[in-house]
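J.:
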Amino acid sequence: MKRIEMIVPCYNEEPCIVPLYEAVEKVFALIKDYDWSLLYINDGSSDGTLAELKKLKADKGERVQYISFARNFGKESAIYAGLKNSTGELVVLMDADLQHPPELIPQMIEGIEEGYDCCGARRVSRKGEPIIRSAFSRMFYSTINHMTEMRLVQGGSDFRCMTRQMVDSILLLTERERFSKGIMSWVGFETKWIPYENVERLAGKSKWNFFGLVRYALSGFIAFATAPLRAMIYFGSVIVAAAVVYAVYLVYNAIRYPENNGSGFGTIVLLILFFGGVLVTLLGIIGEYVARIYMELKHRPIYIEKINTTKKQEKDS
Ligand code: UDP
Ligand code: MG
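Residues 13 to 329 (my numbering) make up the sequence shown, in order.
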């Protein structure tokens, strides 16, 4: 019998712990060939989450595991802890608030059995979400897809089912500043997307405020993008080029209208423009080195081997 493990980061999710268990239990009542369990990560909750987990564990035994953090370390840390402590052949990442409908799990398992390494849920509607938040989120996806090598799918959520091999590959990326969506796309493998409608959270409220999301987006961006630094080199070069053109114009003017010379105004503008441009270019070059140092520091694997030839590939070839 194969084992499938659900990883659930929880931060102040007291009212959701038991309903989530029940929803998952209901789904697996119909799936016979998988042995399932839930691994909750209590991310330093300040409400009764831990007490709920202890009660549930006492009640359900092996089906429920939990890890409890010393303080709130954030969802990314919770995801990492969950993946690191997981042992199942399949691992499902899901939110505690039932915004990731467990009813999709059977379809995800099917996707994996078809031969995909990962099967994720993609939100096709953002019903019930503030308009500004949706707009910013769209903007984030399109910028990141344009300016980095990462390809993120619009609406692609963290709600995914992955094979052991993919999980192990994700764990090879040991960087501290983690941006899971990017990491999951970076490791490669084949992902199948299942569309779903946005669901309102069961209880409590979202842990993200606007600025939290902006911070998250920025950190995702900085973790993967070197484009802004490169842009600085181009920008600086353009200014230097403009300074050169201006210098030519000044010389021409000085020869043509010698009587107008003497104020020195043009020379000052030229010097400011030229050295401004040089400085920006140099900053861009230094930035490029910093970006490389940053990427090197992450010690990402140089390549990831795909061990299992999946059924899908066999079919394709
Ligand atoms: N979460 C967490 N640590 C945090 C913030 C959130 O483990 O610091 C968990 C939270 O309990 C939930 C999931 O991450 O299971 C998604 O959070 P939330 O529902 O607040 O985000 P949203 O669905 O609004 O994007
Ligand atoms: Mg939520």
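Each residue gets a CB set at the ideal place from its N, CA and C atoms; glycine is no exception.
Give me the residue from A229, I245, I267 and T203 with the minimum Cα distance to D129.
T.: Counted from its first residue, the sequence shown places residue 129 at position 117. Distance from the Cα of D129 is smallest, within the candidate group A229, I245, I267 and T203, for T203.
J.: Using 10 angstroms around the beta-carbon of G224, count the other beta-carbons present and answer buried if the total reaches 16, otherwise exposed.
T.: Within the sequence shown, residue 224 is the residue found at index 212, counting from 1. Classification for G224: exposed.
J.: Measuring alpha carbon to alpha carbon, tell me which of M106, A254, Y264 and G94 ends up nearest V36.
T.: Looking up residue 36 in the sequence shown gives position 24. Among M106, A254, Y264 and G94, the Cα nearest to that of V36 belongs to M106.
J.: Look at the alpha carbon of D59 and the alpha carbon of F286, and state the distance between them as a whole number of angstroms.
T.: Translated into positions along the sequence shown, residue 59 becomes position 47. Translated into positions along the sequence shown, residue 286 becomes position 274. Cα-Cα distance, rounded: 59 Å.
J.: Between S149, L230, I284 and G200, which lies nearest to R163 when the distance is taken from Cα to Cα?
T.: As a first step, residue 163 must be located in the sequence shown, where it is residue number 151. It is G200 whose Cα lies nearest to the Cα of R163.
J.: So does the region 137-156 actually touch the region 70-77, counting three or more Cβ pairs closer than 8 Å?
T.: Segments in contact, no.
J.: With a Cβ-Cβ cutoff of 8 Å, do Q119 and V211 count as a contact?
T.: Stepping through the sequence shown from its first residue, residue 119 is reached at position 107. Stepping through the sequence shown from its first residue, residue 211 is reached at position 199. Taking 8 Å as the Cβ cut-off, Q119 and V211 do not qualify as a contacting pair.
J.: Within 10 angstroms of its Cβ, does V103 collect 16 or more other Cβ (buried), or is it exposed?
T.: Position 91 of the sequence shown, counting from 1, holds the residue named residue 103. It counts as buried.
J.: Which term fits F9, buried or exposed, when burial requires 16 or more other beta carbons within 10 angstroms of its beta carbon?
T.: What is shown of the chain runs 13 to 329, which leaves residue 9 out entirely.
J.: DSSP three-state label for P118, please.
T.: Against the sequence shown, residue 118 aligns to sequence position 106. Reduced to three states, the DSSP call for P118 is helix.
J.: Taking just the CA atoms, how far does L291 sit from P113?
T.: By one-based count along the sequence shown, residue 113 stands at place 101. By one-based count along the sequence shown, residue 291 stands at place 279. So the two alpha carbons sit approximately 53 Å from each other.
J.: The ligand MG heavy atoms versus the CB of D55: any closer than 7 Å?
T.: For this step, residue 55 is matched to residue 43 along the sequence shown. It does not: the Cβ of D55 is nowhere closer than 7 Å to a heavy atom of the ligand MG.
J.: Around the Cβ of K44, are there at least 16 other Cβ atoms within 10 angstroms (buried) or fewer (exposed)?
T.: Numbered from its first residue, the sequence shown carries residue 44 at position 32. Answer is exposed; the Cβ neighbour count stays below 16.
J.: Can you give me the C-alpha to C-alpha distance between R242 and M307, rounded to a whole angstrom?
T.: Indexing the sequence shown from 1 puts residue 242 at position 230. Indexing the sequence shown from 1 puts residue 307 at position 295. If you take the alpha carbons of R242 and M307, they lie about 15 Å apart.
J.: Return the chain-ordered list of same chain residues with a C-beta closer than 7 Å to the C-beta of I195, the five sequence neighbours on each side being excluded.
T.: Translated into the one-based positions of the sequence shown, residue 195 becomes position 183. Within the same chain, and ignoring the five residues on either side of I195 in sequence, the residues whose Cβ sits closer than 7 Å to its Cβ are I182 and L185.
J.: Would you please state the rounded distance, in angstroms, between the beta carbons of D55 and C22? I believe it to be under 8 Å.
T.: Numbered from its first residue, the sequence shown carries residue 55 at position 43. Numbered from its first residue, the sequence shown carries residue 22 at position 10. Sure, about 6 Å apart at Cβ, within 8 Å.
J.: Does the Cβ of R213 lie closer than 7 Å to at least one heavy atom of the ligand UDP?
T.: Position 201 of the sequence shown, counted from the first residue, corresponds to residue 213. Yes.
J.: Considering only heavy atoms of the ligand MG, does any lie closer than 7 Å to the CB of D109?
T.: Here the question's residue 109 lines up with position 97 in the sequence shown. It does: the Cβ of D109 is within 7 Å (strictly closer) of some heavy atom of the ligand MG.
J.: Whole beta strand (DSSP E) runs in the region 106-190 with 3 or more residues, listed along the chain?
T.: 130-135 and 168-175
J.: What is the C-beta distance between F171 and G132, in whole angstroms, given that I count them as a contact (C-beta under 8 Å)?
T.: By one-based count along the sequence shown, residue 171 stands at place 159. By one-based count along the sequence shown, residue 132 stands at place 120. Indeed, because the Cβ distance is near 7 Å, the residues count as touching under 8 Å.
J.: Is M18 helix, strand or coil by DSSP?
T.: Position 6 of the sequence shown holds residue 18. DSSP places M18 in strand when its eight states are reduced to three.
J.: Whose C-beta lies closer than 8 Å to the C-beta of E161 among residues of the same chain, with five residues either side of it excluded?
T.: Here residue 161 refers to the residue found at position 149 of the sequence shown. Once the five neighbours on either side are set aside, the close Cβ partners of E161 are F236.
J.: May I ask you to report which of helix, strand or coil DSSP gives V257?
T.: Start at 1 with the first residue of the sequence shown, and residue 257 comes out as number 245. Three-state DSSP puts V257 in a helix.
J.: Closer than 7 Å to a non-hydrogen atom of the ligand UDP - does that hold for the CB of K139?
T.: Start at 1 with the first residue of the sequence shown, and residue 139 comes out as number 127. No, the Cβ of K139 stays beyond 7 Å of every heavy atom of the ligand UDP.
J.: Can you give me the start and stop residues for the beta strand (DSSP E) that T203 sits inside?
T.: Here residue 203 corresponds to residue number 191 of the sequence shown, with the count starting at 1. Where T203 is concerned, the enclosing beta strand (DSSP E) stretches over T203 to Y208.
J.: May I have the straight-line CA-CA distance separating E317 from N97, to the nearest angstrom?
T.: Within the sequence shown, numbered from 1, the residue matching residue 317 stands at position 305. Within the sequence shown, numbered from 1, the residue matching residue 97 stands at position 85. Taking the straight line joining both Cα atoms gives about 22 Å.
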